[in-house]
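Visitor: First, the structure itself, so that you have it in front of you.
Protein chains: 4
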Amino acid sequence: MANTFGHLFRVTTWGESHGGGVGVVVDGCPPRLALTEADIQPDLDRRRPGQSRIVTPRQEADCVEILSGTFEGRTLGTPICLWVRNQDARPEAYSEMATKFRPSHADYTYQAKFGIRAWPGGGRTSARETIGRVAAGAIAKKLLRERCGVEVLGYVTQVQRIVAAVDPEIVTAAAVESNIVRCPDAAVAAKMIRLIERTRKAGDTVGGIVGGVARGVPPGWGEPVFDRLEADLAKAMLSLPASKGFDIGSGFGGVTMTGREHNDAFRMRGGRVRTTTNRSGGIQGGISNGETIYFRVAFKPVATVMHEQATVDVQLHNTTLKGRGRHDPCVLPRAVPMVEAMTALVLADHALRHKAQCE
Amino acid sequence: MANTFGHLFRVTTWGESHGGGVGVVVDGCPPRLALTEADIQPDLDRRRPGQSRIVTPRQEADCVEILSGTFEGRTLGTPICLWVRNQDARPEAYSEMATKFRPSHADYTYQAKFGIRAWPGGGRTSARETIGRVAAGAIAKKLLRERCGVEVLGYVTQVQRIVAAVDPEIVTAAAVESNIVRCPDAAVAAKMIRLIERTRKAGDTVGGIVGGVARGVPPGWGEPVFDRLEADLAKAMLSLPASKGFDIGSGFGGVTMTGREHNDAFRMRGGRVRTTTNRSGGIQGGISNGETIYFRVAFKPVATVMHEQATVDVQLHNTTLKGRGRHDPCVLPRAVPMVEAMTALVLADHALRHKAQCE
Amino acid sequence: MANTFGHLFRVTTWGESHGGGVGVVVDGCPPRLALTEADIQPDLDRRRPGQSRIVTPRQEADCVEILSGTFEGRTLGTPICLWVRNQDARPEAYSEMATKFRPSHADYTYQAKFGIRAWPGGGRTSARETIGRVAAGAIAKKLLRERCGVEVLGYVTQVQRIVAAVDPEIVTAAAVESNIVRCPDAAVAAKMIRLIERTRKAGDTVGGIVGGVARGVPPGWGEPVFDRLEADLAKAMLSLPASKGFDIGSGFGGVTMTGREHNDAFRMRGGRVRTTTNRSGGIQGGISNGETIYFRVAFKPVATVMHEQATVDVQLHNTTLKGRGRHDPCVLPRAVPMVEAMTALVLADHALRHKAQCE
Amino acid sequence: MANTFGHLFRVTTWGESHGGGVGVVVDGCPPRLALTEADIQPDLDRRRPGQSRIVTPRQEADCVEILSGTFEGRTLGTPICLWVRNQDARPEAYSEMATKFRPSHADYTYQAKFGIRAWPGGGRTSARETIGRVAAGAIAKKLLRERCGVEVLGYVTQVQRIVAAVDPEIVTAAAVESNIVRCPDAAVAAKMIRLIERTRKAGDTVGGIVGGVARGVPPGWGEPVFDRLEADLAKAMLSLPASKGFDIGSGFGGVTMTGREHNDAFRMRGGRVRTTTNRSGGIQGGISNGETIYFRVAFKPVATVMHEQATVDVQLHNTTLKGRGRHDPCVLPRAVPMVEAMTALVLADHALRHKAQCE
């Protein structure tokens, strides 16, 4: 189950950084959805390295192939296997990884858990694993958009200490994609880009915050108790590499308010039950209330830096390790499609669950 | 699945605020663990209303009965059903709840989802549901303590703007339990208690942050990809009523650091691989690294306030609603055992999973 | 997961023969189904010991209580916990069970697996565990009947070598319930009853075959590959105590036919695609085709006999054991409601799954 | 979940008859198991068409590629994706399948369920789907053999009315593989082969029974209640294409015995608890007792025959259909590795489950 996410719209990713490739099996996608590689490739292009000067310069084409589950351009209701072949494998570039645990990476913990690890490129710990998620998420996004009228969107809202104010009600995909850092506020984006470039030149890295939003979710999706919509979103986000935190609606900031200030009053509007504020973030008691769902995900700075760091080798001796060659100064622009994908996977699953039980 | 948590150590809660009672079935607890009601009741006492002057004054004894799964004081390896009978049912106290949706509660979303709801006491949306979690968590805590040497602990670290500095490496259960707000810093605790009392008198509520810690987790627990330890913790915490955020290790604060500053260097210490700092929060790549696991959970202020608020009734007319009688000015002291319980449920599950695959 | 069945209509049974009772949690039952104890008790009465002279004379009232999940006589969409208190506990009657493994019972294997067992009354291995299944099945049957127009029925079709010819298309509940052996062929039933009475007097037991039928299942329920409808039915039936075999449609008998003889031709009838024969048993490729689903379940003779048998004690010495007091000469009449229950649980689950993905 | 089997050793098959290929993702295989394609290919060769004159003459090489989950010839503990490219795709040979439902195939039910189907070669309903199972089963067999000392074996025990007496305690793989029908009794095998050849020439097909055996399973595997070992085996077997029945131990034949005759007496032998007979088939109360596990699976005759049959087309008109070209007169020789694979998948899963809870 470790590599599977979702109950009814259910994805299983597979693959290591080096080897035959990476991919995903999507089981439970409803039949008769129009689907070709062209629906999936754009999000992979948003995720891939080398897309701009502020991300890692690795050149990976990441071309997706649909191996199963469609016929004449439509889904069959059977498992959809998506595959991206590995390229640009340069094991020599990583040879020290065979013998030394990279600080704040998963080399040591994989070794401790499994007693074996595929060290080239980080193996399964590589961010290449997220290719499968983003590919599956593209299908989920399409399903949500076409069958439920739900739009999912991510954006960068903070890089280190540079913060953008983004209104989840009105932010557009066009604004997000208008610059390479994927921050919809152009002026702030320019500052972020400069910071990332400076950081890259210094051989260092920066973290920040990605915002996520889902608009058009009808009231009633989600479940009480454990599979609350916000709980599944939290799990989805904390399952992304380098993520360290999640909050929804008023989030951590809301703890400074009193109950009177914080509560969202209900009012009828347009014939529907609406809230006059949205501190709940579109979810109450684990179930969507029809308002916009919005949340934040904290990403730590990427662990690979171009400086010598203390570490331990596989013979358990103290040593040092210095990153070489290419590094990724900021994961945030590439994390945006990952956040969107995981959001869509959660929502597609709950859309089907709601249908099963309550429609 | 909505009411079930965990794969191998697996709990299903059931029950509404009014009616036959609330409870939980624990499936997958290993056999031959000494277990009686006396192992469970103390955590229920820490969770129950009426335990101090700063929580809701509802008087609920919340006595647990073991209905199955033990024999002569030891677990059988078969499902353990725990039951707490409902008392203090006063439907008349809630009669407005039959017809009006309480703001920032789950009344409206349950109605939207299920087309029916048990309005007395909030039914399934009541915090009474967490009785089952806390009871099951007490078993998980015992299993972790006795079979794995793992200690789980929660504490209040912030009430509104009053912040306590708590060191997760050394905080003790005794310090947490030394005051009614469950903040291990006595001086800060006193301030918190005064704030909560003032708030209660004002008919208002406050939120804050609960810290959680797990010490003694060996390297190797957790899973790569989706079922990362921090992902399961995030889901567990966001599944608690009134929680709005989760972060682990450096968390949201870590985004202002650079990679060089943030990385945890590995060093050999005491013959083991250790980190010199612990910004990772004891988990790297989803798998425990042997360091202390620590995290934070944000809780919004309780929604029920003693003031008139705008809302909508079940006939979809605008109206107002004012809380009556008893209210809970701050959920945090009672949230501490809930956070502990959910932490223990996550860890017990992963302990068994690790054993299955990798030992 | 060991004690849970189903994915969307999902039941978890709990309880031992002695102790607080036995029960079940039903999670995933759709909301707003009318449900009271009166809907469940009749099937428990059909299952209980002491109901006639040909079953075990244990006197158990087996009164069900709904502890959660309903409000004002309707389901809430939240977990339904059903409980039957234990009575007639006479541990002394079983005292040899504490030290000797009963042949062809599960005493030894439980001990081998768990290193502990609740020996009074067989603990969890007791057929009392099926109370939870039958109670949950009564809910599933009601759901299927009222929301899907599906009728589920079981009957005894063979006792030892006495065989009844039952037509699954026309057999009625009234015919099944018209005699105490639950064989719809009255003449054959009389012979079966005489055989069982003779067997009981001889202190011995007999086995036989229970037939199951589901009428009105629309085309399209079930899944390709692993969760085929017949695969889930097979699992459901082989999970019943004392069952040793399952076949569907032409079953084991069909292996003597050729393909030309065995194939079910399609013909249009009444505007629908129908088959002219039904050797497929209503399922093709794992998915219902709209014809009547029918199958058989083989039950071995009950293991407890009133004769001395060779066995081993818990100190691993050879010894002998003789059943004392009451014994059940034939499980078949009581197995009928169990087969119905498990059939209904499978179908209710697939009804919801089909709705989620394909409607 | 429809395409996934197992909880801890967990396989998901994917792929259609035509298209990119067929495959499987194996999640949960323990790390550090030596594994290359050479461990898997032999079972695929036993499964593939064209292997002898008594099976379908389709020429399919079915070469397996490991796309992920191993490193330097050992498993990583991460998902193992196995892929077999499709070849021999001749859609024109099937063109009538586009418009007519083949009798006793799954064309109609897929159409009814999904509203779409990949008709070339039967799409997902093709027996090619079992390639993934057999490939995954080869891994499970290796794991069981090397880490648990468990041997899994299948064989043909009946073709139409020709029955072989096979002793599950002593049958060997060499005897099974000594002839093309995979019946370990050479004399009976010769008769079976002649029958199948005659049947093929007549354009017809025959069914029969495959026996399965697992030797060396220690006491304690399996679970009480729903996930009984025999229940999971039953599901596994009934999930195979064309299977119509399953029984274990004394099975359907055991219903004619009395309890005194049927019970397996316990005796100490070689310092272990043993049974003097094995009518239980190695499982009691759902849990292995250390004796040999043996069971039977009934397979109907293959549906595709070279004769005109009545059917219905996709416009819902009556019509006829006649199989053309190649047909498979008897699925049994190729079903043997499928039965072995499914047996191994069940046992590997329970081996890990037992370890998690009870070791």
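Line by line, the protein sequences are chains A, B, C and D. According to the numbering used here, numbering within the first sequence proceeds without interruption in unit steps and concludes at 359. According to the numbering used here, numbering within the second sequence proceeds without interruption in unit steps and concludes at 718. According to the numbering used here, numbering within the third sequence proceeds without interruption in unit steps and concludes at 1077. According to the numbering used here, numbering within the fourth sequence proceeds without interruption in unit steps and concludes at 1436. For every residue, glycine included, the Cβ atom is placed at its ideal position computed from N, Cα and C.
Using DSSP's beta-bridge definition, name the partner residues of V924/C.
Guide: Its beta-bridge partners are T1335/D.
Visitor: Apart from the five residues on each side of it in sequence, which residues of its chain come closer than 8 Å, Cβ to Cβ, to T70/A?
Guide: For T70/A, where only same-chain residues beyond five positions count, the Cβ hits under 8 Å are L35, T36, L76 and I80.
Visitor: If we define contact as Cβ-Cβ less than 8 Å, is V1379/D a contact residue for chain C?
Guide: Yes, because at least one Cβ of chain C sits closer than 8 Å to the Cβ of V1379/D.
Visitor: Hey, would you say V206/A sits closer than 8 Å to C330/A, going by beta carbons?
Guide: Yes, these two residues count as a Cβ contact at 8 Å.
Visitor: Are the C-beta of F368/B and some C-beta of chain A separated by less than 8 Å?
Guide: Not an interface residue.
Visitor: Comparing the C-beta of M1269/D with each C-beta of chain C, is any distance below 8 Å?
Guide: Output row for M1269/D: interface = no.
Visitor: Look up G28/A in the DSSP assignment and give the residues it is bridged to.
Guide: According to DSSP, G28/A bridges with nothing at all.
Visitor: Start and end of the beta strand (DSSP E) containing R985/C?
Guide: It spans F984 to R987 - the beta strand (DSSP E) in which R985/C sits, taken as one unbroken run.
Visitor: How would you label H366/B, buried or exposed, when you count the other beta carbons within 10 angstroms and need 16 or more for buried?
Guide: Buried, because 16 or more other Cβ atoms sit within 10 Å of the Cβ of H366/B.
Visitor: For the region 1106-1134 of chain D, which residues have a beta carbon sitting closer than 8 Å to at least one beta carbon of chain A?
Guide: Within the region 1106-1134 of chain D, the qualifying residues are P1108 and R1109.
Visitor: How would you call R407/B, buried or exposed, if buried means at least 16 neighbouring beta carbons within 10 angstroms?
Guide: R407/B comes out buried.
Visitor: I need the boundaries of the alpha helix (DSSP H) containing Q160/A, first residue and last residue.
Guide: No alpha helix (DSSP H) holds Q160/A; DSSP gives it neither H nor E.
Visitor: Could you compute how far the alpha carbon of R851/C sits from the alpha carbon of L345/A?
Guide: Looking at the two C-alpha atoms, the distance is approximately 34 Å.
Visitor: Determine the direct distance from the alpha carbon of P577/B to that of G926/C, and round the result to whole angstroms.
Guide: G926/C and P577/B: Cα-Cα distance of roughly 53 Å.
Visitor: Would you give the residue range spanned by the alpha helix (DSSP H) that C81/A belongs to?
Guide: Careful: C81/A lies outside any alpha helix (DSSP H), inside the beta strand (DSSP E) at I80 to V84.
Visitor: Tell me where the beta strand (DSSP E) around T1352/D begins and ends.
Guide: Where T1352/D is concerned, the enclosing beta strand (DSSP E) stretches over R1349 to T1352.
Visitor: May I have the straight-line CA-CA distance separating A524/B from A231/A, to the nearest angstrom?
Guide: Their Cα atoms are separated by approximately 27 Å.
Visitor: For the region 97-128 of chain A, which residues have a beta carbon sitting closer than 9 Å to at least one beta carbon of chain D?
Guide: Listed in sequence order: Y110, K113, F114, G115, I116, R117, A118, W119, P120, G123 and R124.
Visitor: Report the partner residues of Y155/A according to the DSSP bridge assignment.
Guide: Beta-bridge pairing links Y155/A to G211/A.
Visitor: Just to confirm my understanding: we take T1207/D, look at its own chain, exclude 5 residues before and 5 after, and list those with CB closer than 6 Å. What are they?
Guide: Hits under 6 Å: M1415.
Visitor: Excluding the 5 residues preceding and the 5 following Q158/A in the sequence, name in chain order all residues of the same chain whose CB lies nearer than 6 Å to its CB.
Guide: Counting only Cβ-Cβ distances below 6 Å, and skipping sequence neighbours, we find G208 and I209.
Visitor: When you compare the CB of N648/B with every CB in chain G, is at least one pair closer than 8 Å?
Guide: Judged by its chain identifiers, the structure shown contains no chain G, and its protein chains are A, B, C and D.
Visitor: Along chain B, in chain order, which residues have C-beta atoms closer than 9 Å to that of M257/A?
Guide: What M257/A touches in chain B: Q519, V565, G566, K659 and P660.
Visitor: For the alpha helix (DSSP H) containing E1114/D, list its first residue and its last residue.
Guide: Unbroken alpha helix (DSSP H) run through E1114/D: E1114 to R1124.
Visitor: Going by DSSP, what residues sit across from D313/A in a beta bridge?
Guide: DSSP, once it has assigned bridges, lists K100/A as partnering D313/A.
Visitor: Kindly say whether Q1434/D, judged by its beta-carbon, lies nearer than 8 Å to any beta-carbon of chain B.
Guide: It does; some Cβ of chain B falls within 8 Å.
Visitor: Just to confirm before moving on: does the CB-CB distance between L441/B and A494/B stay below 8 Å?
Guide: Their beta carbons are under 8 Å apart, which means L441/B touches A494/B by this criterion.
Visitor: Can you give me the Cβ contacts of K550/B inside the same chain, cut-off strictly under 7 Å, excluding the 5 residues immediately before and after it?
Guide: Answer for K550/B: I521, listed in chain order.
Visitor: Only counting the same chain, and skipping five residues up and downstream in sequence, which positions put a Cβ closer than 8 Å to that of Q668/B?
Guide: P462, T679, L680 and K681, listed in sequence order.
Visitor: Relative to the C-alpha of A932/C, which candidate in I758/C, L958/C and A891/C has its C-alpha closest?
Guide: That would be A891/C, whose Cα lies nearest to the Cα of A932/C.
Visitor: Looking at the C-beta of E528/B, does it have a partner C-beta in chain A at a distance below 8 Å?
Guide: No, its Cβ sits nowhere closer than 8 Å to a Cβ of chain A.
Visitor: Mind checking the region 1045-1063 of chain C against chain B and listing, in chain order, the residues whose C-beta falls within less than 8 Å of any C-beta there?
Guide: Answer set for the region 1045-1063 of chain C: empty.
Visitor: Could you say if the region 831-840 of chain C and the region 733-750 of chain C meet the contact criterion of at least three C-beta pairs nearer than 8 Å?
Guide: With the cut-off at 8 Å, the region 831-840 of chain C and the region 733-750 of chain C touch.
Visitor: What does DSSP give as the partner residues of G23/A in its beta bridges?
Guide: In DSSP, G23/A forms a bridge with W14/A and W83/A.
Visitor: What residue from T722/C, V782/C, C901/C and G746/C has the CA that sits closest to A1069/C's CA?
Guide: The candidate whose alpha carbon is nearest that of A1069/C is G746/C.
Visitor: Where L871/C and T995/C are concerned, what is the direct C-alpha to C-alpha distance, given to the nearest angstrom?
Guide: Rounded to whole angstroms, L871/C to T995/C spans 21 Å at the Cα level.
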